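The sequence shown runs 449 to 1044 under our numbering. The C-beta atom is built at its ideal place from N, Cα and C for all residues, glycine as well. Predicted model, so just to flag it, every value in this text is computed and none were measured. Since the structure comes first, as structure tokens, the remarks are kept for the end.
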Amino acid sequence: MDILGISGYYHDSSAALVRDGKIIAAAQEERFSREKGDSSFPEQAIKFCLQQANTDLNEISQVAFYDKPLLTFDRLLETYFAYAPKGFNSFVKSIPLWVKQKLLLQTQLVKELNALKIGTIDPSKLSFSHHHHSHAASAFFPSPFDSSAILIMDGVGEWATTSLGRGDKDSLILDQEIKFPHSIGLLYSAFTYYLGFKVNEGEYKVMGLAPFGEPYFVDKIKDELIDIKEDGSFRLNMRYFDYCTSLTMTNKEFSNLFGNRPPRKPDTPLQEIDMNLAKSIQVVTEEVVLKLAKTLRKKTGEKNLVMAGGVALNCVANGLLVKEKVFDNLWVQPASGDAGGSIGAALAASSISGTIAKKDETFDGMSGCYLGPSYEDDEIKEILEKYHANYDLLDVDTLILEVANLISKGKIVGWFQGRMEFGPRALGNRSILGDPRSENMQRILNLKIKYRESFRPFAPAIISEDCSQYFDLTEDSPYMLIVTDVLKDRIVKNNSINENLSVTDRINLKRSDIPAVTHVDYSARVQTVTKNSNEKFYALIKEFKKITGCSLLVNTSFNVRDEPIVCSPEDAYKCFMGTEMDTLAIGNFLLRKINQ
449 MDILGISGYY HDSSAALVRD GKIIAAAQEE RFSREKGDSS FPEQAIKFCL
499 QQANTDLNEI SQVAFYDKPL LTFDRLLETY FAYAPKGFNS FVKSIPLWVK
549 QKLLLQTQLV KELNALKIGT IDPSKLSFSH HHHSHAASAF FPSPFDSSAI
599 LIMDGVGEWA TTSLGRGDKD SLILDQEIKF PHSIGLLYSA FTYYLGFKVN
649 EGEYKVMGLA PFGEPYFVDK IKDELIDIKE DGSFRLNMRY FDYCTSLTMT
699 NKEFSNLFGN RPPRKPDTPL QEIDMNLAKS IQVVTEEVVL KLAKTLRKKT
749 GEKNLVMAGG VALNCVANGL LVKEKVFDNL WVQPASGDAG GSIGAALAAS
799 SISGTIAKKD ETFDGMSGCY LGPSYEDDEI KEILEKYHAN YDLLDVDTLI
849 LEVANLISKG KIVGWFQGRM EFGPRALGNR SILGDPRSEN MQRILNLKIK
899 YRESFRPFAP AIISEDCSQY FDLTEDSPYM LIVTDVLKDR IVKNNSINEN
949 LSVTDRINLK RSDIPAVTHV DYSARVQTVT KNSNEKFYAL IKEFKKITGC
999 SLLVNTSFNV RDEPIVCSPE DAYKCFMGTE MDTLAIGNFL LRKINQ
């Protein structure tokens, strides 16, 4: 049974194909359209999924959409009426779009699917899943657990913003929820907006900025903005927020709360207050997550926890859950945001039909997230010839040896191999790689390759068996979703560190013997790599270890600021040529910038 899952029309559209309960393919539309966070109908992602599964719409048993637009419309109407006449202008602007497009979504979906001209779909084959049920299905069914507690946290689904429940074999139930407008995801997004970053994209920047600050505003946030109960449930004081009635997240009263300071304008210099606000909202978020998890453990008695929803991408909070050992085991859906909803909707529909794939305790159902397109050497060669590129075609062993040597000499390498990753992280197939021992690598990558903010940290990709020699982490972290501490015996204490230094100067101070992946608070967002999960990437890190004695590489996504991760060989070549990257390893081809 083939089920096509679709997420779309809000942000980060995607498609997924599930066959007999197993995920065959999944991809975000942005990777094909090259429009970051693309919210349109995922035309190209659907075409890829059908092609990868060697099928067409005629053979699809069901098309599952990841939420219920009518319930979302109900929330919008009730919210507008509750706050009327405030928000009337926003109401007038949004309702026509809903009436024309989203209320008629079944008709719209059938029309756009059939327009692909790869078979036809009958309206009777469409189904609509609750938003949080899609998230829950994406978390529980691919996890390696037969049973677990489930925690879903995001901005908002139809009404729910936080859902708690339990999964058991081929079924799941969410039996407790917190409803809009009370949302830990929207609270975090409010600070994202106030700190001058883009909502639904910049939350990870707030998380990366937090270690530079002190939690001076925690009490003010808890006194004025959010009331947190001992069980983790909470309510927001809506006096300070405008997201119910306008296109902005916060209002003047919110600004008055923090010294009558308006929201920071994007790309203006960061100040100490920005860092302290980021730290404070991070601490508050961690408190909510920790309390909710403890409540779930006590309520369900489960030893395993699975998570999804945008808040589940907060790797620092995830690291705290692991450190506190609230549950014995934690598994987070690597595409926890709305993109993962396509997988969840398809798996939810598959579970109802009784066709969920058998669990594997040694490996989860996400296949390492390598669910996107791959390209053969002849396809890559065609693109390289088109651009008159200078390249060497090498066998696999020679390629790995050459790339490991180049990285050990300080070269920055674009690494394009195998199937593209699904979700927000590059996990060794669409990656930019560097030497973690270099004191300059973090600065060079941010300013000359990624063209992004100087405070942004980089993640280490480490061979799994050596992880405990570098980090305070004993379990695998294959999806780069856990932040943990660098071991104390690797830390270099620097007496020059003080609050008077600029953000750039503070980030550039050496903190450990792997400075390129050590954040200002001596933490790192770790990816563990095994031979089973990614044989070629594992072999490269092993070769780098042979040369240097170091068991890890800097791993960041193959893209520049405000662009999606590269998908095709053409995307990779253009990114390589448009940055100061030294080398490109694409399939078995090696390109040196100096020769181009």
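- Per DSSP, the unbroken alpha helix (DSSP H) holding Ser799 starts and ends at Gly789 to Ile800.
- The residue among Thr716, Phe702, Leu635 and Leu465 with its C-alpha nearest the C-alpha of Leu684 is Leu635.
- Cβ neighbours of Cys817 within its own chain (closer than 6 Å, five residues either side excluded): Pro782, Glu869, Phe870, Gly871 and Leu875.
- Its Cα nearest to that of Ala587, the residue Asp812 stands out among Leu842, Asp812 and Ala852.
- Secondary structure note for Ile494: its alpha helix (DSSP H) is the uninterrupted segment Glu491 to Gln500.
- In the three-state scheme derived from DSSP, where H, G and I count as helix and E and B as strand, Glu507 is classed as helix.
- Rounded to the nearest angstrom, the gap between the Cα atoms of Ala512 and Ser488 is 17 Å.
- Positions of the beta strand (DSSP E) runs, each at least 3 residues long and wholly inside the segment 687–758, are given as 752–756 in order along the chain.
- Ser619 is bridged by DSSP to Asp616.
- The DSSP assignment places 889–892 as complete runs of the alpha helix (DSSP H) inside the segment 867–922, in order along the chain (cut-off: 4 residues).
- Contact check between the segment 989–998 and the segment 851–858: three or more CB pairs, one atom from each, fall below 8 Å, which counts as touching.
- Assigned with DSSP and collapsed to three states, Val974 falls in strand.
- Rounded to the nearest angstrom, the gap between the Cα atoms of Glu678 and Cys1023 is 49 Å.
- The alpha-carbon of Thr503 is positioned some 11 Å away from that of Arg467.
- For Thr932, the enclosing beta strand (DSSP E) stretches over residues Ile930 to Asp933.
- Just so you know, the alpha carbons of Gly866 and Ala1033 end up roughly 12 Å apart.
- In this structure Ile454 is buried. Its beta-carbon is surrounded by 16 or more other beta-carbon atoms within 10 angstroms.
- Below 8 Å, too few C-beta pairs join the segment 513–527 and the segment 473–493 to call them touching: fewer than three.
- Beta-bridge analysis with DSSP links Asp675 to Arg683.
- Annotated as distal: Gly633 and Asp667, with beta-carbon spacing of 7 Å or more.
- Residue burial annotation: Pro963 is buried, with at least 16 other C-beta atoms found within 10 angstroms of its C-beta.
- Sequence-distant Cβ neighbours of Phe1006 in its own chain, meaning closer than 8 Å and more than five residues away, are Gly862, Trp863, Phe864, Ala874, Arg878, Ser879, Ile880, Ile1013, Val1014, Ala1020 and Cys1023.
- Taken through DSSP and simplified to helix, strand or coil, Leu552 comes out as coil.
- Segment contact: the segment 552–561 against the segment 715–726, fewer than three CB-CB distances shorter than 8 Å; contact not assigned.
- The bridge partners DSSP lists for Met601 are Thr610.
- Lys979 sits in coil when the DSSP states are folded into three classes, being neither helix nor strand.
- The Cβ neighbour count for Glu901, taken over all protein chains shown within 10 Å, is at least 16; the residue is labelled buried.
- In this structure Ala797 is buried. Its beta-carbon is surrounded by 16 or more other beta-carbon atoms within 10 angstroms.
- The beta carbon of Tyr986 lies closer than 7 Å to those of Ile911, Val977, Thr978 and Lys979 in the same chain, with the five residues before and after it left out.
- Excluding its 5 nearest sequence neighbours in each direction, Gln624 has C-beta neighbours in its own chain below 6 Å: Leu612, listed in chain order.
- Our two residues, Asp460 and Ser728, have alpha carbons roughly 28 Å apart in a direct line.
- If you ignore the 5 residues before and after Ile721, its C-beta comes within less than 8 Å of the C-beta of Phe706, Gly707 and Arg709, all in its own chain and listed in chain order.
- Phe1037 is bridged by DSSP to Leu841 and Ile1034.
- Counting of Cβ neighbours within 10 angstroms places Phe576 among the buried residues, the total reaching 16 or more.
- Collapsing the DSSP output to three states places Leu819 in coil.
- Per DSSP, Val774 is not a residue of any alpha helix (DSSP H), being assigned neither H nor E.
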